[in-house]
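K.L.:
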Amino acid sequence: MAATTQNTRLAVQAPAVGQVMVLTAVPGQDFILEGAFDQAEVRMDGGNVVFNFADGGQVVLDFTDLGDAQAPNVVMPDGTILDMQEFLAALGESEIEPAAGPEGGADGSGGVGEYRDDAGNLIAGVDRLGGLDPREFTSITVESLEADDLIEEADAAPPIPTPSIPTPPVLGPVVTQVEESSLDEGEVQWPGSNDGGTADSTSGAIPFTPGPGGEDQLFIRGVDEDVDVTGGGIVHGQYGTLVVTQNPDGTYSYEYTLDGNIDHPVPEENGGGDGRFDDDSLPDVFVMQVVNNGAIIATSSLTVNVLDDGPVIDVVPEASLSLRTEDSYLPGGSNEQPTNTDTASAGGVFQVVFGADGPKLVQYNGEYSEGGDPSLEYSFGELDGVDSGLKDMLTGESILLYTDENGNVIGRVESLGNEDATFTLTINEYGVVTLEQLRPIMHEAPDGVEGGLDEVQILTAEELVVNIRATDGDDDSASESFSLGGLIEFGDDVVTAVHDRGHVDFSQDYEIRYAISNVLFLVDVNGEEQAFKIDDYENLFNEMKDPDNPQGFVAWVEAQTGGTITAYYIKAGQVFYDSDGNVIDPELEGLGGYLAGNGNTFGGSNVQILQPTLDNHDPDAVDSGFEGGIGSGNVLDNDDGSADGIWVNGVSNDGGETWQEISEGGVVTIEGAYGTLTLYSNGEYGYTLNDSAPQGAEDVFSYQVRDGDGDQSLAMLTIEIALETMLTSNVDIA
0 MAATTQNTRL AVQAPAVGQV MVLTAVPGQD FILEGAFDQA EVRMDGGNVV FNFADGGQVV
60 LDFTDLGDAQ APNVVMPDGT ILDMQEFLAA LGESEIEPAA GPEGGADGSG GVGEYRDDAG
120 NLIAGVDRLG GLDPREFTSI TVESLEADDL IEEADAAPPI PTPSIPTPPV LGPVVTQVEE
180 SSLDEGEVQW PGSNDGGTAD STSGAIPFTP GPGGEDQLFI RGVDEDVDVT GGGIVHGQYG
240 TLVVTQNPDG TYSYEYTLDG NIDHPVPEEN GGGDGRFDDD SLPDVFVMQV VNNGAIIATS
300 SLTVNVLDDG PVIDVVPEAS LSLRTEDSYL PGGSNEQPTN TDTASAGGVF QVVFGADGPK
360 LVQYNGEYSE GGDPSLEYSF GELDGVDSGL KDMLTGESIL LYTDENGNVI GRVESLGNED
420 ATFTLTINEY GVVTLEQLRP IMHEAPDGVE GGLDEVQILT AEELVVNIRA TDGDDDSASE
480 SFSLGGLIEF GDDVVTAVHD RGHVDFSQDY EIRYAISNVL FLVDVNGEEQ AFKIDDYENL
540 FNEMKDPDNP QGFVAWVEAQ TGGTITAYYI KAGQVFYDSD GNVIDPELEG LGGYLAGNGN
600 TFGGSNVQIL QPTLDNHDPD AVDSGFEGGI GSGNVLDNDD GSADGIWVNG VSNDGGETWQ
660 EISEGGVVTI EGAYGTLTLY SNGEYGYTLN DSAPQGAEDV FSYQVRDGDG DQSLAMLTIE
720 IALETMLTSN VDIA
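In numbering that gives the first Met the number 0, the protein residues as written are 0 to 733.
What follows is the structure, given as structure tokens:
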């Protein structure tokens, strides 16, 4: 016997005298036959099972609209549950008890006219179909019964009179659908992916035609009761509300509105491949019955299939996501920074609508709350050696893209491992992408100009993508991708040469040549040296005080005791030097105020005027020796270097008209105006002064620096020539 597996049961009573009841089979609804059906004659009529009662009543079970659906079970009056195959088979068994034919002592009794035994023989005069033996029956299909000519009445049995059958009521099935995606914001917690659509409701006609008696009532079963909707009414279903209206012409119409989202049990990925999530649907079934005088005379169903909604992801065209780092921020760069990173959010690139089921929620401390994981998941696509379109500065090799075991993107050259990456890309659970540059990028169009042709290098690999996966409340999910190709830039670093000044010190000895004229006398008066001159040479004193007059002069002084004569060479307008090269007095104020015509202002005993008798010519300073004149330094000390490297690659002594190239690691020597410059590619230099260099002169050179990818910059090196000491020698004129 079959176990009942149906959802509902329909109790079928015997019809009134002469009444015809037509019951449409509904999937999932059993027929329960009351005791009076033991007295009925059963026969097949097309796709129907017909029960004929002796008083002219008739019950028709209509199976024609089932299609491939499961046929309902039949529950016999004694409680036996038969599936329809068993029930139909029972009609063909020869040993059904009781067999009230002639052999059973029921000759001439009413009932079925004939019966077929296992051998296919006809048994005439069977009274009626009694209780069924509770045992397994041989399966007989409906088609075999319809095609079996043994179902025809035997010649020996008189035909059963067919009563006049009144027109029964008509109640046809209704199958329709609604879509979760059209649920509106405000009606539910989460709007559908097609918020504002109208597919969350459906309407139409109920194919119901009452019988001619005018006493038929229409009942529709809701979730908790049967509702009489004969004049119209509202029925609450499992997922929505059904409003039934009786129209003025007596016909019926319905409108079904989905109350909210429901949990569909079958997860779909990207809508099953077609972008729609309606492959997963749940039925909201309303059983319809026509009742006449308390008896159910027709039954059918109204089924609303509720289609699932799921996430929808769109790429926002106007959204911007760009990343840029600079070579100059790397260690050794011209703008060295603690880190060389940039970040951007991929979340703004994707527009995610979770749909009516909302985002998947994460359980936390016993409560559910929204979470970035697992409702939204971000990742990079798999990469295994994809060419980035960039080159590594230090090796010159192409940078390839790999995805490591943690899902991060590593940009490196093939000859190096992940630990020597040129740059990395990471993405966190919130979709924030971080670019970190670790080594300089090769820029192959050197110009050294900010904003010039060589300003940036761009990652061009379209295979570098950010993936997003959105999961809704009943585990439907959608995925989308966005390429980072063309959106990641690496700025160049450039060298900047700054003008340099070198310094060369030297000293010279001078021999004093004196003459009768231009003599200035210094005397020691009370421990202080004072000066005077002969009246004849007063104008010379004024010239001497003029700082622009380069002429020097000679002076003699007799010490206060001992009578020693000391000669001095005095550089005009600046300082006094004694015979040891020490400064006597840097100021010349008041020198003329002490002088008298005969030079005896301070007393004859203290001042002695020496009358020179040597050759009569002006004083003259002659170079008699040279000391020092060597300078050194490094022109790169004050230059802005580059993460791409920096070295001196050329030098000129004529403003750049003629260059001497310097190879990396090399050195050159070049003659200047007053000395010789030796310059190395690492910026170190040495300068040797010629012995003819004048005090205060400058020797100027031009030099050029470059970095590893060819950026260049030009500056000047200026050597200052300074005479720091003049030594004088004595000439004994006593």
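Ideal placement from N, C-alpha and C gives every residue a C-beta, glycine not left out. Quick caveat, the model's predicted, so the values are computed rather than measured.
Does residue 739 pass the burial test, meaning 16 or more other C-beta atoms within 10 Å, or should it be called exposed?
P.N.:
The structure shown does not extend to residue 739, since the chain is modelled only from 0 to 733, so the question has no answer here.
K.L.:
Whole angstroms are fine: how far does the CA of residue 57 sit from the CA of residue 298?
P.N.:
Each residue's Cα considered, the two are about 15 Å apart.
K.L.:
Residue 439 and residue 326: beta carbons closer than 7 Å?
P.N.:
Their beta carbons are under 7 Å apart, which means residue 439 touches residue 326 by this criterion.
K.L.:
Mind checking whether residue 476 and residue 464 have CB atoms under 7 Å apart?
P.N.:
Going by C-beta atoms, residue 476 is not nearer than 7 Å to residue 464.
K.L.:
Flag this pair as yes or no: are the beta carbons of residue 191 and residue 355 separated by less than 7 Å?
P.N.:
Their beta carbons are under 7 Å apart, which means residue 191 touches residue 355 by this criterion.
K.L.:
So, is residue 39 buried or exposed, given that buried needs 16 or more other C-beta atoms within 10 angstroms?
P.N.:
It counts as buried.
K.L.:
Suppose the cutoff is 8 Å on Cβ atoms and the five residues either side in sequence are ignored; what does the same chain contact list for residue 404 look like?
P.N.:
Result list for residue 404: empty, nothing under 8 Å.
K.L.:
Assign residue 33 to one of three DSSP states: helix, strand, or coil.
P.N.:
Residue 33 falls in the coil class under three-state DSSP.
K.L.:
Quick one: what's residue 241 bridged to in DSSP?
P.N.:
In the DSSP output, where bridge partners are listed per residue, residue 241 has 234 and 255.
K.L.:
Do you know offhand how far residue 709's Cα is from residue 703's?
P.N.:
Roughly 12 Å between the two C-alpha positions.
K.L.:
Quick check on this structure: which residue in 259, 170, 31 and 79 has the alpha carbon closest to the alpha carbon of residue 64?
P.N.:
Looking at the Cα atoms, 170 is the closest of the given residues.
K.L.:
Out of 471, 389, 51 and 55, state which residue places its alpha-carbon closest to the alpha-carbon of residue 265.
P.N.:
Looking at the Cα atoms, 471 is the closest of the given residues.
K.L.:
Compare the Cα-Cα distances from residue 416 to each of 328, 212 and 384 and report the closest residue.
P.N.:
Selected option, being the one with the closest Cα: 384.
K.L.:
Return the residue from the list 244, 60, 432 and 212 that minimises the CA-CA distance to residue 43.
P.N.:
Selected option, being the one with the closest Cα: 60.
K.L.:
Go through its chain and collect everything with a Cβ distance to residue 715's Cβ below 8 Å, but skip five positions before and after it.
P.N.:
So the qualifying residues of the chain are 498, 499, 699, 700, 701 and 702.
K.L.:
Using only alpha-carbon positions, find the residue among 406, 62, 409 and 208 that is nearest to residue 252.
P.N.:
Minimum Cα distance to residue 252 is reached at 208.
K.L.:
Residues in its own chain within less than 6 Å of residue 8 by CB, not counting five upstream and five downstream?
P.N.:
Around residue 8: 29 and 31.
K.L.:
Mind pulling the beta strand (DSSP E) runs of 3 or more residues that sit fully within the region 329 to 359?
P.N.:
Complete beta strand (DSSP E) runs here, min 3: 340 to 344 and 349 to 352.
K.L.:
Pull up the DSSP beta-bridge partners for residue 456, would you.
P.N.:
Looking at the DSSP assignment, residue 456 forms a beta bridge with 489.
K.L.:
Does the Cβ-Cβ distance between residue 231 and residue 243 come in under 7 Å?
P.N.:
Contact: yes.
K.L.:
Provide the residue span of the beta strand (DSSP E) that contains residue 700, from first to last.
P.N.:
Taken as a continuous stretch (DSSP letters only), the beta strand (DSSP E) holding residue 700 covers 697 to 705.
K.L.:
Taking all protein chains shown into account, do 16 or more other C-beta atoms lie within 10 angstroms of the C-beta of residue 210, making it buried, or fewer, making it exposed?
P.N.:
Looking at its Cβ environment, which holds 16 or more other Cβ atoms inside 10 Å, residue 210 is buried.
K.L.:
Would you be able to state if there are at least three C-beta pairs under 8 Å between the region 328 to 348 and the region 420 to 430?
P.N.:
Segments in contact, yes.
K.L.:
Are there 16 or more other CB atoms within 10 angstroms of the CB of residue 429, so buried, or fewer, so exposed?
P.N.:
Answer is exposed; the Cβ neighbour count stays below 16.
K.L.:
Could you tell me if residue 312 is buried or exposed, where buried requires 16 or more neighbouring beta carbons within 10 angstroms of its beta carbon?
P.N.:
With 16 or more other Cβ atoms within 10 Å, it is buried.
K.L.:
Closest to residue 180 by C-alpha separation, out of 270, 212 and 682, would be which residue?
P.N.:
When each option's Cα is compared against that of residue 180, the closest is 270.
K.L.:
Check whether the Cβ atoms of residue 697 and residue 717 sit closer than 7 Å, and answer yes or no.
P.N.:
Yes; because the gap between Cβ atoms is below 7 Å, this pair is in contact.
K.L.:
Are there 16 or more other CB atoms within 10 angstroms of the CB of residue 72, so buried, or fewer, so exposed?
P.N.:
Buried: at least 16 other Cβ atoms inside 10 Å.
K.L.:
Quick one, which of 54, 168 and 260 has its alpha-carbon nearest residue 184's?
P.N.:
The residue with the shortest Cα to Cα distance from residue 184 is 260.
K.L.:
Classify residue 663: buried if its beta carbon has 16 or more other beta carbons within 10 angstroms, exposed otherwise.
P.N.:
Residue 663 is exposed by the Cβ-count criterion.
K.L.:
According to DSSP, is residue 276 helix, strand or coil?
P.N.:
Reduced to three states, the DSSP call for residue 276 is coil.
K.L.:
Just how far apart, CA to CA, sit residue 94 and residue 11?
P.N.:
Unreliable placement is indicated for residue 94, whose pLDDT of 36 sits below 50; no coordinate value is reported for it.
K.L.:
Give me the DSSP bridge partner(s) of residue 20.
P.N.:
58, per the DSSP bridge assignment.
K.L.:
Does DSSP classify residue 422 as helix, strand or coil?
P.N.:
Strand, per DSSP.
K.L.:
Helix or strand or just coil, what does DSSP make of residue 43?
P.N.:
Looking at residue 43 - three-state DSSP - the assignment turns out to be strand.
K.L.:
Going by CA-CA distance only, name the one from 240, 374, 350 and 348 that's closest to residue 359.
P.N.:
Among 240, 374, 350 and 348, the Cα nearest to that of residue 359 is on 374.
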